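What follows is a short report on a single structure.
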Amino acid sequence: MSHYQQPPAGQNPYGQQAPYGQQPPYGYGQPQSPYYPPPMPPMGAGGPPPQALAGQGARLGARILDGIFMLIPMIVVSLISAAITEAADAAAPLSALVSIVGMIGVFVLYEPLMLSKSGSTFGKRICGIRVARLSDGQNLSFGGALWRMFSYFLMGVVPILGLLNILWCLWDSPYRQCLHDKAASSVVVLRNA
1 MSHYQQPPAG QNPYGQQAPY GQQPPYGYGQ PQSPYYPPPM PPMGAGGPPP
51 QALAGQGARL GARILDGIFM LIPMIVVSLI SAAITEAADA AAPLSALVSI
101 VGMIGVFVLY EPLMLSKSGS TFGKRICGIR VARLSDGQNL SFGGALWRMF
151 SYFLMGVVPI LGLLNILWCL WDSPYRQCLH DKAASSVVVL RNA
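The numbering of the sequence shown is full-length UniProt numbering, which starts it at 1 and goes up by one.
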């Protein structure tokens, strides 16, 4: 025979069970669920800057004006280069070097430098738009602005890709970005919105 005894039939061997549905005593209130913070956005998901997005007409107008503003220093560089060549035929290599360095200088100093400092070029400022980082709405870094410009011209070398790049903002959603904007994680917004 075992040392353990069975309880008599009808009795609970583990003591009394508490009745269901009783309210806690006065002063204790209902049990509260734990606090959970709101969900975080997905990794890498940047929100749009607080400014309104620029329209395609303003973007096109700014690009045309910027082309005119860049043409003026390019003409000056070309005139200097021609004057060097005219002065002496032996100076042709120097003239070519002045042209190349001058043209690169115009491209690098105009758009990337201005975008990194103020977010807009002269043409963009006249049209009331600026280029901003997609993640936080701040100005692009100089490297980011240089990459944006370089990718614009690199895509322009391939005819279909160049056309696709500039038309992409017509159907892009939700930020109306061209492909060079996507490459630089930038967005074009209104300046004073």
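By construction, the Cβ of each residue, glycine as well, lies at the ideal position given by its N, Cα and C atoms. For clarity, every value in this text was computed on a predicted model and none was experimentally measured.
Secondary structure of valine 157, DSSP reduced to three states: In the sequence shown, residue 157 corresponds to position 157, counting from 1. It is helical.
Within the same chain, show all residues whose beta-carbon is closer than 6 Å to that of methionine 149, passing over the 5 residues directly before and after it, in chain order. Taking the first residue of the sequence shown as 1, we reach residue 149 at position 149. Contacts found: Glu111 and Pro112.
Option nearest serine 81 by Cα separation, candidates Tyr152, Leu161 and Val101: Here the question's residue 81 lines up with position 81 in the sequence shown. Of the candidates Tyr152, Leu161 and Val101, the one whose C-alpha sits nearest the C-alpha of serine 81 is Val101.
Based on Cα-Cα distance, which residue from Leu60, Ile84 and Met103 lies nearest to residue 198? Shown here, the chain extends from 1 to 193; a query on residue 198 therefore has no answer.
Look up serine 2 in the DSSP assignment and say whether it is helix, strand or coil. Numbered from its first residue, the sequence shown carries residue 2 at position 2. Here serine 2 scores only 46 on pLDDT, less than 50, and its place in the model should not be relied on; the value that follows carries that caveat. Note: serine 2 maps to coil in three-state DSSP.
Residue of Leu179, Lys117, Gln51 and Tyr175 minimising C-alpha distance to serine 141: Reading the sequence shown from its first residue, position 141 is the one you call residue 141. Cα-wise, what sits closest to serine 141 is Lys117.
What do you get for leucine 53, buried or exposed, if any count of 16 or more other CB atoms within 10 angstroms of its CB means buried? The count along the sequence shown starts at 1 and reaches residue 53 at position 53. Leucine 53 comes out buried.
Residues of its chain near serine 99, where Cβ-Cβ distance is below 8 Å and the 5 sequence neighbours each way are ignored: What you label residue 99 is simply residue 99 of the sequence shown in a count that begins at 1. If we look at serine 99 and ignore the five residues flanking it on each side, its Cβ neighbours are Val77, Ser78 and Ser81.
Rounded C-beta distance between valine 131 and glycine 119? I'm assuming under 8 Å. Here residue 131 refers to the residue found at position 131 when the sequence shown is read from its first residue. Here residue 119 refers to the residue found at position 119 when the sequence shown is read from its first residue. The pair is a contact, with the Cβ atoms about 6 Å apart (cut-off 8 Å).
Comparing alpha-carbon positions, which option in Ala62, Leu60 and Val106 lies nearest methionine 70? Against the sequence shown, residue 70 aligns to sequence position 70. Nearest of Ala62, Leu60 and Val106 to methionine 70, Cα basis: Val106.
Leucine 97 by DSSP, collapsed to three states: which one? As a working mapping, residue 97 is identified with position 97 in the sequence shown. Leucine 97: helix per DSSP, three-state reduction.
Considering only residues of the UniProt domain "RDD" (54–184), which uninterrupted alpha helix (DSSP H) runs meet the minimum length of 4 residues and lie entirely inside it, listed in chain order? 56–87, 92–118, 122–126, 142–157, 159–167 and 179–184
Excluding the five sequence neighbours on either side, which residues of its own chain have a C-beta within less than 8 Å of the C-beta of tyrosine 175, listed in chain order? To locate residue 175, count along the sequence shown from 1; it is residue 175. Closer than 8 Å at the Cβ level, and outside the excluded window around tyrosine 175, lie Pro48, Leu53, Leu134, Asp181 and Val187.
Buried or exposed for glycine 143, going by 16 or more other Cβ atoms inside 10 Å? Indexing the sequence shown from 1 puts residue 143 at position 143. Exposed is the call here.
Separation of alanine 183 from tryptophan 147, as counted between CA atoms: As a working mapping, residue 147 is identified with position 147 in the sequence shown. As a working mapping, residue 183 is identified with position 183 in the sequence shown. Roughly 8 Å between the two C-alpha positions.
State the Cα-Cα distance for the pair arginine 63 and leucine 97, rounded to the nearest angstrom. On the sequence shown, residue 63 is found 63 positions in, with the first residue counted as 1. On the sequence shown, residue 97 is found 97 positions in, with the first residue counted as 1. Cα-Cα distance, rounded: 28 Å.
Hey, valine 189 and isoleucine 129: beta-carbon distance below 8 Å or not? Residue numbering aside, residue 189 sits at position 189 when the sequence shown is read from its first letter. Residue numbering aside, residue 129 sits at position 129 when the sequence shown is read from its first letter. Isoleucine 129 is positioned such that its CB atom lies closer than 8 Å to that of valine 189.
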